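Encoded as structure tokens, the structure appears first; notes follow it.
There are 2 protein chains.
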Amino acid sequence: MSTKLSGNMLIAQSGGPTAVINQSLIGAVLEAKKHAQIQEIYGSLHGIQGILDENLINLKMETEETLEEVAQTPSSALGSVRRKPTPEDCATIFQRLEKYNVRFFFYIGGNDSAETAHIISEEAKKAEYDLHCFHICKTIDNDLRENDHTPGFGSAGKFVAQAFMGDDLDNRALGGVKINVVMGRHAGFLTAASALARTHEDDGPHLIYLPERPFAINRFIEDVEKTVQKHGRCVIAVSEGISDAQGTPIVVKGATTKEVDSHGNVQLSGTGALGDILSAEIKAKTAITRVRADTFGYIQRSFAGCISETDAKEAHGVGATAVKEAIAGTRDGSIAIKRKDGEKYSVEFTRVPLENVAGHTKHMPDSFINKDNNNVTPAFIHYATPIVGKLPTIGKLKAIPVEKS
Amino acid sequence: MSTKLSGNMLIAQSGGPTAVINQSLIGAVLEAKKHAQIQEIYGSLHGIQGILDENLINLKMETEETLEEVAQTPSSALGSVRRKPTPEDCATIFQRLEKYNVRFFFYIGGNDSAETAHIISEEAKKAEYDLHCFHICKTIDNDLRENDHTPGFGSAGKFVAQAFMGDDLDNRALGGVKINVVMGRHAGFLTAASALARTHEDDGPHLIYLPERPFAINRFIEDVEKTVQKHGRCVIAVSEGISDAQGTPIVVKGATTKEVDSHGNVQLSGTGALGDILSAEIKAKTAITRVRADTFGYIQRSFAGCISETDAKEAHGVGATAVKEAIAGTRDGSIAIKRKDGEKYSVEFTRVPLENVAGHTKHMPDSFINKDNNNVTPAFIHYATPIVGKLPTIGKLKAIPVEKS
Numbered sequence: 146m147s148t149k150l151s152g153n154m155l156i157a158q159s160g161g162p163t164a165v166i167n168q169s170l171i172g173a174v175l176e177a178k179k180h181a182q183i184q185e186i187y188g189s190l191h192g193i194q195g196i197l198d199e200n201l202i203n204l205k206m207e208t209e210e211t212l213e214e215v216a217q218t219p220s221s222a223l224g225s226v227r228r229k230p231t232p233e234d235c236a237t238i239f240q241r242l243e244k245y246n247v248r249f250f251f252y253i254g255g256n257d258s259a260e261t262a263h264i265i266s267e268e269a270k271k272a273e274y275d276l277h278c279f280h281i282c283k284t285i286d287n288d289l290r291e292n293d294h295t296p297g298f299g300s301a302g303k304f305v306a307q308a309f310m311g312d313d314l315d316n317r318a319l320g321g322v323k324i325n326v327v328m329g330r331h332a333g334f335l336t337a338a339s340a341l342a343r344t345h346e347d348d349g350p351h352l353i354y355l356p357e358r359p360f361a362i363n364r365f366i367e368d369v370e371k372t373v374q375k376h377g378r379c380v381i382a383v384s385e386g387i388s389d390a391q392g393t394p395i396v397v398k399g400a401t402t403k404e405v406d407s408h409g410n411v412q413l414s415g416t417g418a419l420g421d422i423l424s425a426e427i428k429a430k431t432a433i434t435r436v437r438a439d440t441f442g443y444i445q446r447s448f449a450g451c452i453s454e455t456d457a458k459e460a461h462g463v464g465a466t467a468v469k470e471a472i473a474g475t476r477d478g479s480i481a482i483k484r485k486d487g488e489k490y491s492v493e494f495t496r497v498p499l500e501n502v503a504g505h506t507k508h509m510p511d512s513f514i515n516k517d518n519n520n521v522t523p524a525f526i527h528y529a530t531p532i533v534g535k536l537p538t539i540g541k542l543k544a545i546p547v548e549k550s
Numbered sequence: 146m147s148t149k150l151s152g153n154m155l156i157a158q159s160g161g162p163t164a165v166i167n168q169s170l171i172g173a174v175l176e177a178k179k180h181a182q183i184q185e186i187y188g189s190l191h192g193i194q195g196i197l198d199e200n201l202i203n204l205k206m207e208t209e210e211t212l213e214e215v216a217q218t219p220s221s222a223l224g225s226v227r228r229k230p231t232p233e234d235c236a237t238i239f240q241r242l243e244k245y246n247v248r249f250f251f252y253i254g255g256n257d258s259a260e261t262a263h264i265i266s267e268e269a270k271k272a273e274y275d276l277h278c279f280h281i282c283k284t285i286d287n288d289l290r291e292n293d294h295t296p297g298f299g300s301a302g303k304f305v306a307q308a309f310m311g312d313d314l315d316n317r318a319l320g321g322v323k324i325n326v327v328m329g330r331h332a333g334f335l336t337a338a339s340a341l342a343r344t345h346e347d348d349g350p351h352l353i354y355l356p357e358r359p360f361a362i363n364r365f366i367e368d369v370e371k372t373v374q375k376h377g378r379c380v381i382a383v384s385e386g387i388s389d390a391q392g393t394p395i396v397v398k399g400a401t402t403k404e405v406d407s408h409g410n411v412q413l414s415g416t417g418a419l420g421d422i423l424s425a426e427i428k429a430k431t432a433i434t435r436v437r438a439d440t441f442g443y444i445q446r447s448f449a450g451c452i453s454e455t456d457a458k459e460a461h462g463v464g465a466t467a468v469k470e471a472i473a474g475t476r477d478g479s480i481a482i483k484r485k486d487g488e489k490y491s492v493e494f495t496r497v498p499l500e501n502v503a504g505h506t507k508h509m510p511d512s513f514i515n516k517d518n519n520n521v522t523p524a525f526i527h528y529a530t531p532i533v534g535k536l537p538t539i540g541k542l543k544a545i546p547v548e549k550s
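Keeping their order, the protein sequence lines are chains A and B.
For the first sequence, our numbering assigns the number 146 to the initial residue and increments by one for each residue that follows.
For the second sequence, our numbering assigns the number 146 to the initial residue and increments by one for each residue that follows.
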């Protein structure tokens, strides 16, 4: 195929929304507007579904002001979908793309969306349809291979940290055990970000359970009792994806039915079941009376007004980079964030092969998990701090006791 | 009793924490430092429990910088408690207060805390213990009589509105039905604040269920189906306190055990049960496949970094006003927020009798609830907007469709 195609561009969003996924969209659109090789800029509504249904919008007709506002707005402005294209879908997709003379295709999403982009790219080769096909990384789960971290993680991590900051103070005020269930599927990064909430010696979360380690109820109960003995209270971060030694998610063990999408993912979010299961276990097996569980749920990925500046900037950057790569003649790829060596935090955006990212899950490295499997290490804090960015200051009274007269 | 007492001051916090309850604490402390009538300033840890246990701290030894930081920090810096004093407790309390020469007593909290302050004030009269005894209003539930609104509601309302802003966009991206359970006990104000999230015509929440109206499952299912027909999706705000026509909370109906505090309050928060019950009903009774439920939980009252400026200022003001009233010679009372007449929003802080606030619950007035009992009215929006304050801008694409060629 020609390495210097000219034609129209189509961009879409897929998978779970994030607080900064629109930064990537707008980053790509603004970059595309600079290049004569790209004429029209189409947005497909609800990922590849919009191509199949010919449900496209004209992004060149949006004002700069609207684009800027949308960039700063959470969730996927083009709508999203969870759909893995079949070979038949691909045939229809190429018909549509040809009809609209689309030669530049950008798909913003996580590892399932990278898989979709990979399938489309491979099928396009087979079909001899000339196309620049790029995946633009995003996911709050932070589980994409090749990436130091992914856009969306920083802002969701900031939400999780700020939630734990306040909730730890809440638990300090009223006591007992507090469990918070955090998203992240089978990767523990977002749950681990709760550790950034700690600013004083005895701050929670005191225990952090990650899906990278098998979860055993008895061990959990022991950990909770030990923490209550030490601190008189206990704040716990639990990943929604924690699973037993056989790999079965704890929430699925407690459920009567399960829901699976076309990529084969089981529903882990959108229910308070896991928190309630763990809370019931503590009530049943210990003498602790006040036990509460919250599930942060969808608001942790789309909350309006809690965005990491670093995250926003990087999300914009990967979008723009994808377009630059395509304009430079690269046929396909996924844009990844690499951290540069050096004392000061800095990153670069690089093209990596689609197959390196597609469908794979990156997990927390061992160096980020403590040996007791119930907390993170200083190495994780060092890693996550610049990504999550500035957090509120937590004031504490010196609390000098009045002498008992 | 003398109307110009001189002696030490004791202040404490009680009930559920809020994002601005420390503003009231610091407002009172800073005001007290101006008056020679007040010598020492003691903080009692965990409400009246700290008096009973002689667990006091010296607030005069805190630096101005610490006080300022604490004012801006969520949750109760002195710790909290849910305890209604018995006559025996009161006898011990007066022994302690006399020992520490306390003549100024301030209790920051909701209607249960007002009841505690009322009991202490009445028992002090009987015991002929000279004491200025004040309740300082706070509660995210916004359910205190005599108050136009209460400190804590504005910031929690801001959290709820921002959460719904993002979550509505999230639902727009992926479709289906989304239920969010909001705090507020038996008052609907905080759930109603979700309506402030709407900035565009078809924005959610599309349905709002308040505890002021009986909740009927069949009617709920009908409402949801109608909304999905109209918008292709549905975002719902549900108060944790919704109850059936007999007044039994829906979450209690589905529970096997229940937990009650010494004021007689049943546990409504800290579980995902209500959301899961409603979600299961929709799945069972309709053809809608994607149904998710989140419970905002404790983070909505203590989230770090989501504070209404108006709320913070007013919380500070009621704290300072309580001290001024006591210094001026008023024996006891509760400090209430009254809204002034006029086009521009403004308030004043007034002393009202303790018995007017103690133990009572204020509910949403009829004028704030629509006739279908599933939404709020413009009157509510007008009421709540200045209290919650500035919200993020939500950008929307014009989304001009590409003509099908």
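Glycine included, each C-beta is placed from N, C-alpha and C at the ideal position.
If you're wondering where the values come from, they're calculated on a predicted model, not measured in any experiment.
If the five residues before and after residue 180 of chain A are omitted, its C-beta is found closer than 6 Å to the C-beta atoms of 472, all from its own chain and listed in chain order. Interface criterion not met: the Cβ of residue 431 of chain B is under 8 Å from no Cβ in chain A. According to the DSSP assignment, residue 346 of chain B belongs to no beta strand (DSSP E), since it is labelled neither H nor E.
Within 10 angstroms of the beta-carbon of residue 256 of chain B lie 16 or more other beta-carbons, which makes it buried. Identification of residues in the segment 433–444 of chain A having a C-beta nearer than 9 Å to some C-beta of chain B yields 434, 435, 436, 437, 438, 439, 440, 441, 442, 443, 444, given in sequence order. A direct Cα-to-Cα measurement between residue 539 of chain B and residue 441 of chain A gives close to 22 Å. In this structure, the alpha-carbon of residue 195 of chain A lies about 21 Å from that of residue 468 of chain A. Using a 10 angstroms sphere on the CB of residue 466 of chain B, the tally of other CB atoms reaches 16 or more, which defines it as buried. Judged by beta-carbon spacing, residue 204 of chain B lies beyond the 8 Å limit of residue 326 of chain B, meaning their Cβ atoms are not closer than that value. Bounds of the alpha helix (DSSP H) holding residue 310 of chain A are 298–319. Within the DSSP bridge table, the entry for residue 378 of chain B names B/321 as partners. Judged by DSSP in its simplified three-state form, residue 250 of chain A adopts strand. For residue 268 of chain A, the enclosing alpha helix (DSSP H) starts and ends at 256–271. Contacts with chain A (Cβ-Cβ distance below 9 Å) from the segment 369–394 of chain B involve no residue at all.
Boundaries cannot be given for residue 410 of chain B, as no alpha helix (DSSP H) includes it and DSSP labels it neither H nor E. In terms of beta-carbon proximity, residue 203 of chain B lines the interface with chain A, with at least one pair separated by less than 8 Å. Considering only B/421, B/166, B/428, the residue with the shortest C-alpha distance to residue 439 of chain A is B/421. Taking CB atoms only, residue 451 of chain B has a neighbour in chain A less than 8 Å away. Classified as exposed, residue 543 of chain B has fewer than 16 neighbouring CB atoms from the shown chains inside 10 Å of its CB. Note on geometry: alpha-carbon atoms of residue 308 of chain B and residue 447 of chain A lie some 8 Å from one another.
Residues of the segment 215–229 of chain A with a C-beta atom less than 9 Å from some C-beta of chain B are 215, 216, 217, 218, 219, 220, 221, 222, 223, 224, 225, 226, 227, listed in chain order. When 8 Å is used as the limit between beta carbons, residue 317 of chain B is near these residues of chain A: 220, 224, in chain order. Taking residue 317 of chain B as reference, the option from A/159, A/482, A/527, A/546 with the minimal CA-CA separation is A/159.
Taking the beta carbon of residue 418 of chain A as reference, the chain B residues within 8 Å of it are 417, 421, listed in sequence order. In its chain, beyond the 5 residues on either side, 167, 449 have a beta carbon closer than 8 Å to the beta carbon of residue 218 of chain A. B/502 is the residue among B/518, B/197, B/502, B/220 whose C-alpha sits nearest the C-alpha of residue 291 of chain B. When B/244, B/182, B/163, B/416 are compared, the shortest CA-CA separation from residue 199 of chain B is found for B/244. Membership of residue 528 of chain A in the alpha helix (DSSP H) is indicated by the continuous run 523–533. One Cα belongs to residue 165 of chain A, the other to residue 174 of chain B, and the distance between them is close to 42 Å. By the neighbour-count definition (other C-beta atoms within 10 Å, threshold 16), residue 347 of chain B is an exposed residue. If you compare the alpha carbons of B/413, B/358, B/220, B/547 with that of residue 300 of chain B, the shortest gap goes to B/220.
Out of B/525, B/171, B/498, the CA that lies nearest to the CA of residue 509 of chain B is found in B/525. The DSSP-derived three-state label of residue 495 of chain B is strand. For residue 282 of chain B, the beta-bridge partners assigned by DSSP are B/254. The three-state secondary structure of residue 432 of chain A, taken from DSSP, is coil. In this model, residue 444 of chain A and residue 279 of chain B are separated by some 38 Å (Cα to Cα).
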